[in-house]
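Numbering (our numbering), first residue to last: -8 to 109. Glycine included, each C-beta is placed from N, C-alpha and C at the ideal position. Here is the structure we will look at.
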């Protein structure tokens, strides 16, 4: 099994920046890619960004140019740097581990509340 633990501070003013991190442990060999989804009350989780083992990245249109996903393979950690944050970015952010595509998610992080508010 794969376990994911998220960390990061989640309150910022509009236009500000935040960074989240997610550390993987357990059966790391099963992971092909890692990513972040987010969810707001009453809505389904939506893809934010993901990064493969060969550093290919993909972003939701709503975050392109503002968010950057990266990974440190030796630390089995993925990062999400969020710049120019908007109130509509407010959500619970979930890290995930992907075994294959179409997205076969084998683990989720515990979720981190990100609030963008003045």
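Following the DSSP letters along the chain, one finds residue 79 in no beta strand (DSSP E), marked with neither H nor E. With contacts defined by Cβ atoms closer than 8 Å, residue 82 and residue 48 do not form a contacting pair. With respect to residue 84, residue 99 sits apart: the two C-beta atoms are not nearer than 8 Å.
A distance below 8 Å separates the beta carbons of residue 97 and residue 21. Look at residue 94 here: in three-state DSSP terms it is coil, with no helix or strand label. Secondary structure of residue 65 (DSSP, three-state): helix. Residue 29 sits in a strand when the DSSP states are folded into three classes.
For residue 14, the closest of 58, 4 and 65 by C-alpha to C-alpha distance is 65.
For residue 70, the closest alpha carbon among the candidates 101, -8, -7 and -2 is that of -2.
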